[in-house]
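Below is one structure; the comments refer to it alone.
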Amino acid sequence: MHDFIQLFLIWKGWLRIRYVKCHGNKPIEIVTVHGGPGAPGSVKELAILLSQHKGVLEPYQTKLTVNELVLELNQQIENYCKKPVILIGHSSGALLSLLYTDKYPKKVKKLILISSAPLDEKWSEGIMKKRLERLAPDELKQLRILQNELVHEDIQDKEKSKTFMKLGEIMSKTDAYNGQAVWCDYVNNEELSDIQYPIYKSIWPEMSTLRKNGYFLNVLPKIEAPISVFHGRYDSHPIEGVINPFQKINKDISCHLFYKCGHYPWLEPLAKNTFFKILFNEVEF
């Protein structure tokens, strides 16, 4: 019943502001898929800048299973996009975008993976180690405190979501080449209030299990849409975990690697100009 009411409200237009953001002019041709999971607003700046060229849909993820997220994304795309879209996924949103393209191949004319999480489980093992090595002692101490709060049973989910946001800020600093390209500096209180730890807690273990079982590797050969990969060399998510799986199956992709660049290329002072120059060309194909 809840899903029916939500779909009715979206159809009437009453939930459009909260669950999706539209940038630029119609028609909507680009869809940006945020990561986290549970971090709406984290691709806001990317979506706004892309909207200088084409209409952009920035959907928010609200569901608690991966399959429901795929179905939700499809509903959002159907509501706003009349033709096949350029689907741009960031971080864990890149994994979700792969799953969506596999399920709805006719609705995606191009797939762009930005700072994707590894597609192969073996490349994920050193991510947290690399992040911790980049933290100052006081930041490491704060990180441990926040991590303990997230597993504390007496703390409500609303408070844990605030803790999750603070944890995300620290993590994004470790992924920024200059230590300052932090996504939460670029969103407003409305987006930050939508940060959902319960979504992360539910979705990421399922995503991780899918990866351990080789699900994303099995999906790759079935993707027919052109694929482009954008990745920063300083990103704690290793580029090898993204491009090696494509190379193993001899799948032709377009790969763009940026030096002096971390997890958010569009925010990196030393990389963003080159990043956007290439990205704008990719979306004009």
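The sequence shown begins at 1 in UniProt numbering and counts up one residue at a time.
For glycine and all other residues, C-beta sits at the position ideal for the given N, C-alpha and C.
Between I278 and H256, the C-beta spacing is below 8 angstroms.
The alpha carbon of G38 has as its nearest neighbour, out of K63, F230, I223, I28, the alpha carbon of K63. Residue burial annotation: D252 is exposed, with fewer than 16 other C-beta atoms found within 10 angstroms of its C-beta. In this structure, the CA atom of K201 is about 37 angstroms from the CA atom of E284. L96 sits in a helix when the DSSP states are folded into three classes.
When secondary structure is reduced to three states using DSSP, V242 falls in the helix class. When the beta-carbon positions are compared, H34 and V43 come within less than 8 angstroms of each other.
For L167, the CB contacts under 6 angstroms within the same chain, skipping 5 residues up- and downstream, are L146 in chain order. Taken in chain order, the unbroken stretches of alpha helix (DSSP H) that lie wholly in the region 131-187 and span 4 residues or more are 137-150, 157-174. The count of Cβ pairs closer than 8 angstroms, one atom from the region 114-122 and one from the region 141-155, stays below three, leaving the stretches out of contact.
Apart from the 5 residues on each side of it in sequence, K82 sits with its Cβ closer than 7 angstroms to the Cβ of P27 in its chain, given in chain order. With contacts defined as CB atoms closer than 8 angstroms, I112 and E268 fail to qualify as a contacting pair. When the five nearest sequence neighbours on each side are left out, the beta carbons in the same chain lying within less than 6 angstroms of the beta carbon of K110 are those of I86, A225, P226, in order along the chain. Leaving aside the five residues that flank N244 on each side, the residues in its chain whose CB is nearer than 7 angstroms to its CB run, in chain order, D120. The C-alpha of E159 is placed about 31 angstroms away from the C-alpha of I88. P59 and V20 have their C-alpha atoms spaced approximately 4 angstroms apart. With 16 or more other Cβ atoms inside 10 Å of its own Cβ, V66 counts as buried.
Sequence-distant Cβ neighbours of K212 in its own chain, meaning closer than 6 angstroms and more than five residues away, are E121.
Per DSSP, the beta-bridge partners of K110 are I86. The secondary-structure analysis by DSSP pairs V31 across a beta bridge with L57, L87.
Here V43 carries a coil assignment [DSSP, helix/strand/coil]. Per DSSP, I227 is one residue of the beta strand (DSSP E) stretching across 227-232. Rounded to whole angstroms, the separation of the alpha carbons of C261 and H231 is 8 angstroms.
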